[in-house]
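>
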Amino acid sequence: MLLLWLRVLRRRFQHVPRRVPCRHSSRGAKASRAGWEERNKNSVKWKQLEHKGPYFAPAYEPLPDGVRFFYDGKPVKLSLAAEEVATLYGKMLHLECTTKEVFRRNFFSDWRKEMTAEERKVITHLDKCDFMEIHRYFMERTEARRTLPREQKQKLKEEAEELQQEFGYCILDGHREKIGNFKTEPPGLFRGRGDHPKMGMLKRRIMPEDVVINCSRDSKVPEPPSGHQWKEVRSDNTVTWLAAWTENIQNSFKYIILNPSSKLKGEKDWQKYEVARRLKGIVDKIRAQYQADWKSPEMKKRQLAVALYFIDKLSLRTGNEKEEGETADTVGCCSLRVEHVLLHEKADGQEYVVELDFLGKDSIRYNNRVTVEKHVFQNLQHFMEDKDPRDNLFDALTTASLNRHLQDLMEGLTAKVFRTYNASITLQEQLRVLTRAEDSITSKVLAYNRANRAVAVLCNHQRAIPKTFEKSMQKLQQKIEAKKAQVAEARVELEKVKADLRTLGDSKSKSLLQKERQLMKLEERLAQLHMQAADKEANKQVALGTAKLNYLDPRISIAWCKKFQVPIEKIYSKTQRERFAWAFNLADEDFEF
DNA sequence: AATCTAACTTAGTAGGCATACA
DNA sequence: TGTATGCCTACTAAGTTAGATT
């Protein structure tokens, strides 16, 4: 107990890098020194790093006098601290999370901590709190900003740009690089995903005193805001972050990091895909091995073989253990429980069907039925025998042991590489199947999106159905109906011209040709609309962006664009092109993943 | 060997913004 | 010229991995 407490204390008040010792610290044993220096040399991320430190969220601005908080029907003037937290809740009143019991309980408990003793005595039930005026005030403010005259908006934009120029860049090894997030996160109420036990807790304001600055020794050290000081200034060139602080919800670090367009990030991205390409070279061997291991007499080996099969075939995440009660209950491959698996000897006319149904990352549901080999099926039956629904399916397996095994198979191989590999190889293959050189650019882009979608489905990248989906779908249907009518009309006209032609001779043959061409065009357009509608429906719940940004080797897409003369702008937005800048010189039209 | 956790990648969403449309 | 629409980006939560510690 005491030990635990000490650990918590240390976690709270120190910020000691544990992975790589500070490069200036003296080393003990001489024998380990060479190894350390070797490792350290590889892990040096920069020689020079200079920046202005984070930009802090604006101080709290008290509510104007006309905006009141009511308790039990009576207006109550809150202390500044209590008022600030009340506004955080009031702003969110229109969101569903404020109706959730856990959210309300956590919020109220944390809010009471900010109250004066006096307030705490009076405000004892959230049900009796009325934030309506606060809510209205913030909604009106948002609305006012939205309807600001053009030149005012322009001015705000310029101010934002100025801020970006001042705080949004750093110097890294002589190059001016964009920072990803140069602002500290403002205080707010924690919005976990899914059934998060901590939703509604107060995420406290970050002060300069919380922030560790990382920059090179000889650089201009950023100035803390006046009257304040940094928690620490250090110079650790084995890490890539510029500043860091501990957040109070999970007690973990938050970092100020570089933008994906930076050289450092780009190189890392390139490396990631190179590892995945190396996997391509030995994946057959790995598959053969895990298939053989399904028959191993060792339970451990069989569990590993079946888990790896899932990771490979279904592109599941590895699935680390999580501390119960600290986060939403979600799982990945290694943390699957018996309750997440259903075995069907026969289903949908197939033998050996496995049904997986669980909440994965971000509490997104994974629900899939898949036919497996008999050995896999029998192994699963065995793994589930005499277990409770809440027991782990792979009880003899951890992510660490899995990754250790993979590391032995190939340097740099970890479980997530399979996701990258399968995603990229699927894109390449689908592009090959779906692209027709003679198609229009529009059709080719459609084909690309379909290939992208195949990957997104594989990786289970979902999104909420867009709020306007039904409406815009209806609109598209109307367009289709209108086009159908046009086609019908064109047909009638064509028939009429044909009839005229028979009675009046060939004097109108030119008009016949014209009508035929017109009909064809309309039919083509109708077919296109049908395709668009089918695509829209298929995309309803599928998020394409995640795969595009994180799993698909950009060289595949760039090569495809070059080969089929599709402008890259049709595939990548401006920021995406900046992010993938590293790939443009590395991919000619016959690049193969 | 198990556990912890720093540092990094991967993830969905809200809302801003540009563009199409009336 | 204002409004609806759909795309894009900022934001930040939630994963993975591996070195250090116990």
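Position one of the first sequence corresponds to residue 837 (this note's numbering), numbered consecutively onward.
Note that the Cβ used here is the ideal one computed from N, Cα and C, for glycine as well.
Specify the secondary structure class of D1336 as computed by DSSP and reduced to three states.
In the first sequence, residue 1336 corresponds to position 500, counting from 1. Note: D1336 maps to helix in three-state DSSP.
> How long is the line joining the alpha carbons of K1137 and V1111, rounded to whole angstroms?
Here residue 1137 corresponds to residue number 301 of the first sequence, with the count starting at 1. Here residue 1111 corresponds to residue number 275 of the first sequence, with the count starting at 1. Computed Cα separation, rounded: 25 angstroms.
> In this structure, how does DSSP classify Q1314 when only helix, strand and coil are distinguished?
As a working mapping, residue 1314 is identified with position 478 in the first sequence. The answer is helix: DSSP assigns Q1314 an H, G or I state.
> Under 8 angstroms, with one C-beta from each stretch per pair, do the stretch 888-895 and the stretch 1036-1053 reach the 3-pair mark?
yes
> So, for A918: in the same chain, excluding its five sequence neighbours on each side, which residues have a beta-carbon less than 6 angstroms away from its beta-carbon?
The count along the first sequence starts at 1 and reaches residue 918 at position 82. Taken in chain order, the residues that qualify are E950, M951, E955.
> Shortest alpha-carbon distance to L1365 belongs to which of L1150, L1195, L1312, Q990?
Residue 1365 sits at position 529 when you count from the first residue of the first sequence. Measuring from the Cα of L1365, the nearest candidate turns out to be L1312.
> How many Å lie between K1034 and G909 at the Cα?
Position 198 of the first sequence, counted from the start, is the residue given in the question as residue 1034. Position 73 of the first sequence, counted from the start, is the residue given in the question as residue 909. Taking the straight line joining both Cα atoms gives about 29 angstroms.
> Excluding the 5 residues preceding and the 5 following T1411 in the sequence, name in chain order all residues of the same chain whose CB lies nearer than 6 angstroms to its CB.
For this step, residue 1411 is matched to residue 575 along the first sequence. Cβ within range, chain order: n/a, list empty.
> Within 10 angstroms of its Cβ, does S1151 collect 16 or more other Cβ (buried), or is it exposed?
To locate residue 1151, count along the first sequence from 1; it is residue 315. That one is buried.
> In this structure, does DSSP put T1256 in helix, strand or coil?
Here residue 1256 refers to the residue found at position 420 when the first sequence is read from its first residue. Shown here, T1256 sits in a helix according to DSSP, grouped into three states.
> Hey, could you find the ends of the beta strand (DSSP E) K949 is sitting in?
One-based indexing of the first sequence puts residue 949 at position 113. For K949, no beta strand (DSSP E) segment is defined; the enclosing uninterrupted segment is the alpha helix (DSSP H) at 937-950.
> Within this structure, are the beta carbons of L1249 and L1242 separated by less than 8 angstroms?
One-based indexing of the first sequence puts residue 1249 at position 413. One-based indexing of the first sequence puts residue 1242 at position 406. Cβ distance < 8 angstroms, so L1249 and L1242 count as in contact.
> Mapping DSSP to helix, strand and coil, what is C1006?
The residue labelled residue 1006 in the question sits at position 170 within the first sequence. Residue state, collapsed to three classes: strand.
> Nearer than 7 angstroms: is that true of the beta carbon of T1250 relative to any heavy atom of the ligand MN?
Looking at this structure, you won't find the ligand MN or any other ligand, since it has none at all.
> With which residues is A1079 paired in a DSSP beta bridge?
Sequence index remark: in the first sequence, residue 1079 carries index 243 (1-based). DSSP output for A1079 lists I1049, I1092 as bridge partner(s).
> Report the three-state DSSP secondary structure of S868 (helix, strand or coil).
Position 32 of the first sequence, counted from the start, is the residue given in the question as residue 868. Unreliable placement is indicated for S868, whose pLDDT of 43 sits below 50; no coordinate value is reported for it.
> To the nearest angstrom, how far is it from the Cα of E1059 to the Cα of E886?
Taking the first sequence and counting its residues from 1, the one referred to as residue 1059 is at position 223. Taking the first sequence and counting its residues from 1, the one referred to as residue 886 is at position 50. Taking the straight line joining both Cα atoms gives about 12 angstroms.
> With T978 as the anchor, note down where its alpha helix (DSSP H) starts and where it stops.
The count along the first sequence starts at 1 and reaches residue 978 at position 142. Counting along the chain, T978 sits inside the alpha helix (DSSP H) bounded by residues 968-982.
> Is it buried or exposed for G1161, if we count other Cβ within 10 angstroms and need 16 for buried?
Numbered from 1 along the first sequence, position 325 holds the residue referred to as residue 1161. Its Cβ having fewer than 16 others within 10 Å, G1161 is exposed.
> By DSSP, does D1193 sit in helix, in strand, or in coil?
On the first sequence, position 357 is the one that residue 1193 refers to. Strand, per DSSP.
> Reducing DSSP to helix, strand and coil, say where G1024 ends up.
Indexing the first sequence from 1 puts residue 1024 at position 188. Three-state result, G1024: strand.
> Among E1373, R1226, V1293, which has the Cα closest to the Cα of K1307?
Counting from 1 along the first sequence, the entry for residue 1307 is found at position 471. For the residues E1373, R1226, V1293, the minimum Cα distance to K1307 belongs to E1373.
> Can you tell me whether DSSP reads N1288 as helix, strand or coil?
Within the first sequence, numbered from 1, the residue matching residue 1288 stands at position 452. Looking at N1288 - three-state DSSP - the assignment turns out to be helix.
> From what residue to what residue does the alpha helix (DSSP H) around L1385 run?
Within the first sequence, the letter at position 549 stands for residue 1385. Counting along the chain, the alpha helix (DSSP H) containing L1385 begins and ends at 1381-1386.
> Beta-carbon separation of Y1257 and L1115 under 8 angstroms?
Working through the first sequence from its first residue, we reach residue 1257 at position 421. Working through the first sequence from its first residue, we reach residue 1115 at position 279. Yes, these two residues count as a Cβ contact at 8 angstroms.
> Buried or exposed: where does D1244 fall if 16 or more other Cβ atoms within 10 Å of its Cβ makes it buried?
Within the first sequence, the letter at position 408 stands for residue 1244. With fewer than 16 Cβ atoms within 10 Å of its Cβ, D1244 is classed as exposed.
> Excluding the five sequence neighbours on either side, which residues of its own chain have a C-beta within less than 8 angstroms of the C-beta of L1195, listed in chain order?
For the purposes of this step, residue 1195 is identified with residue 359 of the first sequence, where counting begins at 1. These residues qualify, in order along the chain: G1030, A1164, D1165, T1166, V1167, R1201, Y1202.
> My guess is that C1098 and E1013 are in contact by the Cβ rule of under 8 angstroms, so how many angstroms apart are they, rounded?
Counted from its first residue, the first sequence places residue 1098 at position 262. Counted from its first residue, the first sequence places residue 1013 at position 177. Looking at the sequence provided, one finds Ser at residue 1098 rather than Cys. S1098 to E1013, Cβ: 4 angstroms. Contact.
> Report the three-state DSSP secondary structure of P911 (helix, strand or coil).
Taking the first residue of the first sequence as 1, we reach residue 911 at position 75. Correct three-state label for P911: strand.
> Go ahead and label D1184 buried or exposed: buried means 16 or more other beta carbons lie within 10 angstroms of its beta carbon, across all protein chains shown.
Against the first sequence, residue 1184 aligns to sequence position 348. With fewer than 16 Cβ atoms within 10 Å of its Cβ, D1184 is classed as exposed.
> Which ranges would you report for the alpha helix (DSSP H) in the stretch 1103-1180 if only whole runs of at least 4 residues count?
1135-1149, all fully within the stretch 1103-1180.
> Once DSSP output is grouped into helix, strand and coil, what is the label at Y925?
Sequence index remark: in the first sequence, residue 925 carries index 89 (1-based). Of the three classes helix, strand and coil, the one that applies to Y925 here is helix, per DSSP.
> Report the rounded CA-to-CA distance for G1036 versus L999, giving the unit in angstroms.
Start at 1 with the first residue of the first sequence, and residue 1036 comes out as number 200. Start at 1 with the first residue of the first sequence, and residue 999 comes out as number 163. If you take the alpha carbons of G1036 and L999, they lie about 31 angstroms apart.
> Indicate the three-state DSSP secondary structure (helix, strand or coil) for H1297 in the structure shown.
Within the first sequence, residue 1297 is the residue found at index 461, counting from 1. In the structure shown, H1297 sits in coil (DSSP, three-state: anything other than H, G, I, E or B).
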